[in-house]
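*Asks:* Residue numbers (the working numbering), protein chains in the order written: chain A, 2 to 270; chain B, 202 to 241; chain C, 21 to 249; chain D, 302 to 542. Let me give you the structure first, and then I'll get to my questions.
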Amino acid sequence: MMLWPTISAPQTSMPQTTIYVSPRSLGAHDSRPPAVVTTDLARLFAGNAALAGVSLRVDVGGVIALLGANGAGKTTLLRVLATAIRPSYGRAQVDGFDVDRDADLVRGRVAYLSHATGLYDDLTARENLRFAAAMLGTPDAAQRVERALSDVGLSDRAADPVRGFSAGMRKRLALGRILLGNASLVLLDEPYAALDADGLSLVDQLLVAWREVGVTVLVASHAADRLEPFLDGRVLLARGLVAGVEGQGVTSFPPSLPVARGSLTGVSP
Amino acid sequence: MTDAGYVIAAYGVILGGLGLYALALWRRLRGAARRDDDAA
Amino acid sequence: MSTLASDTRVALAIARKDALAELRGRHATVSTLFFAAVVLLLFGFALGPDSARLAAAAPGLLWLAVVFAGVLAVNRLHLLETDDGALEQLALYPVARRAIYAGKALAGFAAMLLLGLLVLGAVGVLFAVDIAGAWLPLLATVVLGALGVAAVGTFYAGVTVRLRAREVMLPLLMLPVLAPLLLGAVKATSAALAGDPFGELGAWLQLLVAFDVIMVVAGAATYGFLLED
Amino acid sequence: MKTRILGVVALAAVIAATFVALVVVPPDQNQGDAQRIMYPHVASAWLAYLSFGVTALAGIGWLWKRDLRFDAVAVSGAEIGVMFTAFAIWGGMMWGRPVWGVFWQWEDPRLTTTALLLALYVGYLLLRRLTDDPERRATRAAIVGLVAAVDIPIVHFSVEWWRGLHQTATIASPDRVLNPAAPMAFVGTLLGMLAAFTLAWAYLMVRRYQLARRELEREERGRIERIVEARSNPVPSEALR
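Structure follows, in C-alpha cells:
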C-alpha cells in the first residue's frame with residue numbers, strides 16, 4: 002500500500018502530486034470556446050423538473066464546485082454534460098460541441114465519475130481497466146493500466162475480481178479508468194463519498210494534477226470545506242436553478258421563457 | 202343467401218368495429234377538448 | 021474518427037469482455053443449454069413415443085429449442101450490462117454505436133452457435149436423426165440461424181433493457197420478428213436431413229442469409245438511438 | 302369542419318360499397334355467398350399494410366426531424382393498423398370456415414403474415430405504453446416500427462415459399478379470385494370496397510392524429526408549466542459560503 006502523508010488539518014500547502022495525467026494539448030488558453038456553456042438547460046423526469054433552467058458558462062481550466070441540497074439538480078446537470086441523458090429543453094455545449102447533436106465528439110472530451118461505477122463484477126480490476134483502455138483507445142494501454150492501478154492504490158488487488166471490492170475501492174478503480182482517457186472536462190459526482198483517508202487525499206491530488214494540465218473539473222459535492230483549497234469558483238444549485246455563482250472561471254445568467262420542443266405548441270424550438 | 206351466418210358475422214364485426222372505434226375516438230377527442238378548455 | 025478498423029477493435033473487445041464475464045461467473049450459456057435440453061425432452065414427451073413422428077418433427081423441435089433458449093441467453097447477456105450502470109458507461113465511451121451493437125451481437129452469436137451445435141447433437145441422439153450424413157448444410161444452417169437470433173436478440177435486448185416488464189417484452193417483441201428465420205432454418209434443416217430431394221436447400225439458405233444481413237444492418241444502424249436516454 | 306365532411310363521405314361510401322357487395326354483385330359459383338366476405342377482408346388487409354407503412358415513415362420522420370408531430374402520426378397508424386389487422390384476420394377466418402372447412406389456413410401466406418403483423422404491432426403499442434418520456438417513447442417506437450416494417454416483406458416472402466416453392470396457386474386458394482380471370486363484377490366491387498374503406502381509414506387517421514396531437518400538447522404544456530413554475534418562484538439565495 003503506497004504510503005500517503007496522513008492528513009489531519011485541512012491542507013495548507015498544495016499536496017505534492019505524483020499522479021500521471023495525460024497532457025491535454027489544448028492550444029492557446031483563451032482561444033478555445035469555454036469548457037461548458039448551458040442555455041436555459043432543463044431536464045424533466047416523469048413530469049418533474051430536475052433541471053428547470055440553468056444558464057452557466059465555465060471557462061477552460063477551472064476547478065468548479067457544484068453545491069446544493071439533494072435534488073437540487075447537481076447530478077442531472079453532470080449527466081447531461083456527460084451525454085448520459087439528453088436535455089429536455091435548452092442546450093448544453095462542451096468545448097463548443099452540442100451535447101445532443103455532437104454527442105460523439107463530446108464523449109471523446111468528457112470523463113464522468115458517477116455514483117454507479119459501471120464496472121463488471123466478474124472481471125478483475127486489471128481486466129476492467131484493460132477493457133476501458135480498449136474502449137478509450139488509450140495509447141500503450143498495458144503500461145497506462147498498470148500506472149493507473151498504482152496511482153489509485155489498487156496495484157496489489159489488480160488480479161482480484163471487482164465483485165469483492167468495497168465501495169471505496171470501486172470508486173478508486175473508476176477514478177483509475179478516468180486516468181486512462183484524456184478528457185478536457187472531468188465531471189465528478191461526490192468523489193469523496195465512501196473513500197478512506199488515503200482515498201480522500203488521492204482525490205485532492207487528482208484535482209491538482211488536472212488543474213496543472215489545464216483540464217476543467219466540475220465537482221458535485223457536499224464536502225465544500227475539503228474542496229476549498231482547490232477551487233477556482235463555486236456554483237450553488239437549488240431546485241433545478243442556479244441560486245448563486247462565486248469565484249472566477251464561472252458565470253451564470255438568469256433563465257428565460259422556456260421554448261416548447263418539437264414545435265408542438267406552435268412555438269418552434 | 203348461403204352461409205349467411207358467416208357473412209353477417211364478418212361484415213358485422215368489421216363494420217361494427219369501425220363504427221365503435223370512430224365513436225370511441227370522437228368521445229376521447231371530446232374529452233380531450235373539454236380538458237384543454239378547462240385548463241386554458 | 022471511427023473507422024472500420026477501430027470499430028472492429030471495439031467490437032472484439034466488447035465480445036471478449038462478454039465471453040470472459042460469461043466464463044468467469046455468469047454461466048448463462050451453460051444454464052441456457054440445460055434449458056434447451058429440457059425443452060427437447062418435453063417435446064419428446066409431447067410428441068413421442070412414436071420415433072418416426074419425432075424424427076419427422078426433429079428440425080422443428082431443434083429450432084424451437086434454440087430460439088426459446090436464445091431469448092434467455094440474449095437476456096442474460098444484457099443483464100451483464102445492468103451491473104451497476106455498466107450499460108450507461110459503455111454508451112459513454114467515445115466509440116461508434118454500431119461497434120457496441122456488433123460487439124454484443126458477436127458475443128450473442130458465439131453463445132447461440134455453441135447452443136445450436138449442442139442442441140443439434142442432442143436432437144441427433146434423442147430423436148435418432150442422422151446428422152452426420154449432412155453435416156455441412158446443417159452446420160451452415162446452424163451458423164446462419166445462430167447469427168439471426170443473435171442479431172435480432174441483441175437489438176431487442178437494447179430496446180427493452182431499461183423497460184419495465186422486460187422479461188415479457190423481450191420475447192414478445194423478438195419472436196414474431198424471428199418467424200422467417202425459424203421457418204427458413206427448419207425447412208433448410210429438414211431439406212439437409214432428407215438429402216435435399218427437391219433441391220430447395222439453397223433457396224432456404226439464401227433466405228437465412230438475406231434475413232441475417234437485413235437484421236444486422238438494421239440493428240447496427242439504429243442501436244445508437246436505443247442507447248439514448 | 303373538413304374532417305366532418307370526410308367522415309360523412311366515408312360513411313356513405315362504406316354503406317354503398319357494403320350494399321353492392323352484399324346485394325348487387327352475384328355470388329361466386331362454387332363458393333356461394335361466403336365469397337362476399339373477401340371484399341372487407343382484402344380491404345382490411347390492404348389498410349393494415351398501409352397503416353404500418355405510414356407508421357414506419359412517420360418513425361423515420363421523427364428520427365430525422367425530432368418533431369413530435371411525426372410521432373403523433375406514427376401512433377395513429379399503429380393503432381388503426383392493429384384494428385384493421387384484426388379485421389383482416391377475422392374476415393379470413395369467417396371466409397375460410399365455410400369455403401375451405403377450416404378457420405385457419407396455414408397455406409395462405411397472407412393470413413399467416415397478417416397474424417404476425419398483429420403480434421408485431423401489439424408489441425409496438427405495448428412498448429409505447431411502457432415508456433413515459435415522450436422523446437424516448439417516440440425514438441424507441443420509431444425503431445421498433447421500422448424493424449417491424451422491414452420484417453413484413455421477409456415474412457410474406459418466406460411464407461410464400463413455405464407453401465411450396467414450386468407449387469402453383471391451387472384452385473381452392475383465395476388467389477384464384479384475384480387473378481384477371483375473376484369476373485369484372487367482383488373486381489369492381491372489391492375496388493369500390495377498397496376505396497370506401499380507404500376513405501374511412503383516412504377519416505379515422507385524421508381523428509386519431511388530432512387526438513394524439515392534443516395529448517402530446519397537453520403533456521408538453523404540463524412540462525412547460527412545471528418549468529415556468531420552477532423558474533418563477535424565488536430561489537433561496539442564501540450566501541454561498
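Heads up, the beta-carbon is just placed ideally off N, CA and C, and yes, glycines get one too.
(1) For chain A, check one thing: does any of its Cβ atoms lie closer than 7 Å to the Cβ of D:Ala497?
(2) May I ask you to list, following chain order, the residues of the stretch 409 to 420 of chain D that have a beta carbon less than 7 Å from some beta carbon of chain C?
(3) Check whether the stretch 409 to 425 of chain D touches the stretch 378 to 397 of chain D, counting contact only when three or more Cβ pairs, one atom from each stretch, lie closer than 8 Å.
(4) Please state the DSSP three-state secondary structure of D:Ile455.
(5) How many whole angstroms separate the CB atoms of A:Leu52 and A:Leu67, which I take to be in contact at a CB cut-off of 8 Å?
(6) State the start and end residues of the unbroken alpha helix (DSSP H) segment that holds A:Ala94.
(7) Are the beta-carbon atoms of C:Phe175 and D:Ile455 separated by less than 7 Å?
(8) Starting from the beta carbon of D:Thr440, find every residue of chain C whose beta carbon is closer than 7 Å, and list them in chain order.
(9) By Cβ distance, which residues of its chain are closer than 7 Å to C:Thr242, with the 5 residues on each side in sequence left out?
(10) Using CA coordinates, which residue listed in C:Pro79, C:Arg44, C:Lys124, C:Pro157 is at the minimum distance from C:Arg29?
(11) Can you confirm whether C:Gly128, when its beta carbon is compared against all beta carbons of chain A, has any partner nearer than 7 Å?
(12) Identify whether D:Arg393 lies in helix, strand or coil by the three-state DSSP scheme.
(13) Rounding to the nearest angstrom, what Cα-Cα distance links C:Leu81 and D:Gly397 in this structure?
(14) According to DSSP, which residues form a beta bridge with A:Thr39?
(15) Taking Cβ positions only, does D:Ala531 come closer than 7 Å to chain A?
(16) Could you name each continuous alpha helix (DSSP H) segment of 4 residues or more that falls completely within the stretch 157 to 209 of chain A, going from the start of the chain to the end?
(17) What three-state label does DSSP hand C:Asp150 in the structure shown?
(18) Just by C-beta distance, which residues in the stretch 84 to 110 of chain A are closer than 9 Å to chain C?
(19) Would D:Arg429 count as contacting chain A if we go by Cβ distances under 7 Å?
(20) Buried or exposed: D:Arg305, going by 16 or more other Cβ atoms within 10 Å of its Cβ?
(21) By Cβ distance below 6 Å, which residues in the same chain neighbour D:Glu408 in space, the five residues on each side in sequence not counted?
(22) Return the chain-ordered list of same chain residues with a C-beta closer than 7 Å to the C-beta of D:Ile472, the five sequence neighbours on each side being excluded.
(23) Quick check: C:Ala166 and C:Met132, are their CB atoms within less than 7 Å of each other?
(24) Counting only beta-carbon atoms, is D:Val334 nearer than 7 Å to chain B?
(25) If you pair each beta-carbon of the stretch 116 to 125 of chain A with each one of the stretch 218 to 236 of chain B, do three or more pairs fall below 8 Å?
(26) Select from the stretch 34 to 66 of chain A all residues with a C-beta closer than 7 Å to any C-beta belonging to chain F, and list them in chain order.
(27) When you compare the CB of D:Ile528 with every CB in chain A, is at least one pair closer than 7 Å?
(28) Does the beta carbon of D:Arg524 sit closer than 7 Å to a beta carbon anywhere in chain A?
(29) Can you tell which of C:Ala106, C:Leu138, C:Ser210, C:Trp224 has the C-alpha that lies nearest to the C-alpha of C:Val58?
(30) Assuming D:Ala373 and D:Arg514 make a contact with CB atoms under 8 Å, what is their CB distance in whole Å?
(31) With a threshold of 7 Å between beta-carbons, can A:Ser26 be considered close to chain D, or not?
(32) Hey, does D:Met395 have any beta-carbon neighbour from chain B nearer than 7 Å?
(33) Closest by CA to B:Arg231, which one among D:Glu516, D:Thr499, D:Trp347, D:Ala346?
(34) Just to confirm the assignment, what range does the beta strand (DSSP E) spanning C:Leu74 have?
(35) Can you give me the C-alpha to C-alpha distance between C:Leu203 and A:Glu128, rounded to a whole angstrom?
(36) Determine whether the Cβ of B:Asp204 lies closer than 7 Å to any Cβ atom of chain D.
*Replies:* Inspection of the coordinates gives the following:
(1) Here residue 497 of chain D refers to the residue found at position 196 when the fourth sequence is read from its first residue. No, D:Ala497 lies away from the interface with chain A (no Cβ there is under 7 Å from its Cβ).
(2) Leu417, Ala420
(3) yes
(4) Start at 1 with the first residue of the fourth sequence, and residue 455 of chain D comes out as number 154. Of the three classes helix, strand and coil, the one that applies to D:Ile455 here is helix, per DSSP.
(5) For the purposes of this step, residue 52 of chain A is taken as the residue at position 51 of the first sequence. For the purposes of this step, residue 67 of chain A is taken as the residue at position 66 of the first sequence. Between A:Leu67 and A:Leu52 the Cβ distance is about 12 Å, and since that is not below 8 Å, they are no contact.
(6) For the purposes of this step, residue 94 of chain A is taken as residue 93 along the first sequence, with counting starting at 1. With the sequence shown as reference, residue 94 of chain A is identified as Gln, and Ala is not the correct amino acid for it. From DSSP, A:Gln94 is part of no alpha helix (DSSP H) but of the beta strand (DSSP E) over 90 to 95.
(7) Along the third sequence, read from residue 1 onward, the residue named residue 175 of chain C stands at position 155. Along the fourth sequence, read from residue 1 onward, the residue named residue 455 of chain D stands at position 154. The answer is no: Cβ separation not under 7 Å.
(8) One-based indexing of the fourth sequence puts residue 440 of chain D at position 139. Result: Phe245, Glu248.
(9) Your numbering for residue 242 of chain C matches position 222 in the third sequence. Cβ neighbours of C:Thr242 beyond the five flanking positions: none.
(10) Here residue 29 of chain C is taken as the residue at index 9 of the third sequence, counted from 1. Looking at the Cα atoms, C:Lys124 is the closest of the given residues.
(11) The count along the third sequence starts at 1 and reaches residue 128 of chain C at position 108. By this cut-off, C:Gly128 is not an interface position.
(12) Taking the fourth sequence and counting its residues from 1, the one referred to as residue 393 of chain D is at position 92. The residue asked about is misnamed: residue 393 of chain D is Gly in this sequence, not Arg. Helix.
(13) Numbered from its first residue, the third sequence carries residue 81 of chain C at position 61. Numbered from its first residue, the fourth sequence carries residue 397 of chain D at position 96. Each residue's alpha carbon lies about 29 Å from the other.
(14) For this step, residue 39 of chain A is matched to residue 38 along the first sequence. According to DSSP, A:Thr39 bridges with A:Leu57, A:Ala93.
(15) The residue you call residue 531 of chain D lines up with position 230 of the fourth sequence. Yes, because at least one Cβ of chain A sits closer than 7 Å to the Cβ of D:Ala531.
(16) 168 to 181
(17) Against the third sequence, residue 150 of chain C aligns to sequence position 130. The answer is coil: DSSP assigns C:Asp150 none of H, G, I, E or B.
(18) Thr84, Ala85, Ile86, Arg87, Ala104, Asp105, Leu106, Val107, Arg108, Gly109, Arg110
(19) The sequence position of residue 429 of chain D within the fourth sequence is 128, counting from 1. Judged by the 7 Å Cβ criterion, D:Arg429 is not in contact with chain A.
(20) Position 4 of the fourth sequence holds residue 305 of chain D. It counts as exposed.
(21) Mapped onto the fourth sequence, residue 408 of chain D falls at position 107. Excluding positions up to five away in sequence, the list reads Arg464.
(22) In the fourth sequence, residue 472 of chain D corresponds to position 171, counting from 1. Residue placement at D:Ile472 cannot be trusted, given a pLDDT of 37 that sits under 50; what the coordinates show is reported in the next sentence. The answer is none, since no qualifying residue turns up.
(23) By 1-based counting over the third sequence, the position of residue 166 of chain C is 146. By 1-based counting over the third sequence, the position of residue 132 of chain C is 112. Yes. Within cutoff.
(24) Mapped onto the fourth sequence, residue 334 of chain D falls at position 33. Residue identity differs from the one stated: residue 334 of chain D is Asp in this sequence, not Val. D:Asp334 counts as touching chain B.
(25) no
(26) Absent from the structure is chain F; the protein chains it does hold are A, B, C and D.
(27) If you number the fourth sequence from 1, residue 528 of chain D lands on position 227. Closer than 7 Å to some Cβ of chain A, the Cβ of D:Ile528 qualifies, so yes.
(28) The residue you call residue 524 of chain D lines up with position 223 of the fourth sequence. D:Arg524 counts as touching chain A.
(29) By one-based count along the third sequence, residue 58 of chain C stands at place 38. Per the Cα distances, C:Leu138.
(30) Against the fourth sequence, residue 373 of chain D aligns to sequence position 72. Against the fourth sequence, residue 514 of chain D aligns to sequence position 213. Between D:Arg514 and D:Ala373 the Cβ distance is about 5 Å, and since that is below 8 Å, they are a contact.
(31) Your numbering for residue 26 of chain A matches position 25 in the first sequence. Note on A:Ser26: pLDDT 48, under 50, position unreliable in the model; no value is reported.
(32) Position 94 of the fourth sequence holds residue 395 of chain D. Yes, contact with chain B.
(33) Position 30 of the second sequence, counted from the first residue, corresponds to residue 231 of chain B. Closest by alpha carbon: D:Glu516.
(34) Taking the third sequence and counting its residues from 1, the one referred to as residue 74 of chain C is at position 54. C:Leu74 -> not in any beta strand (DSSP E); alpha helix (DSSP H) instead, spanning 71 to 99.
(35) Stepping through the third sequence from its first residue, residue 203 of chain C is reached at position 183. Stepping through the first sequence from its first residue, residue 128 of chain A is reached at position 127. The alpha-carbon atoms of C:Leu203 and A:Glu128 are separated by roughly 41 Å.
(36) Here the question's residue 204 of chain B lines up with position 3 in the second sequence. Interface residue, yes.
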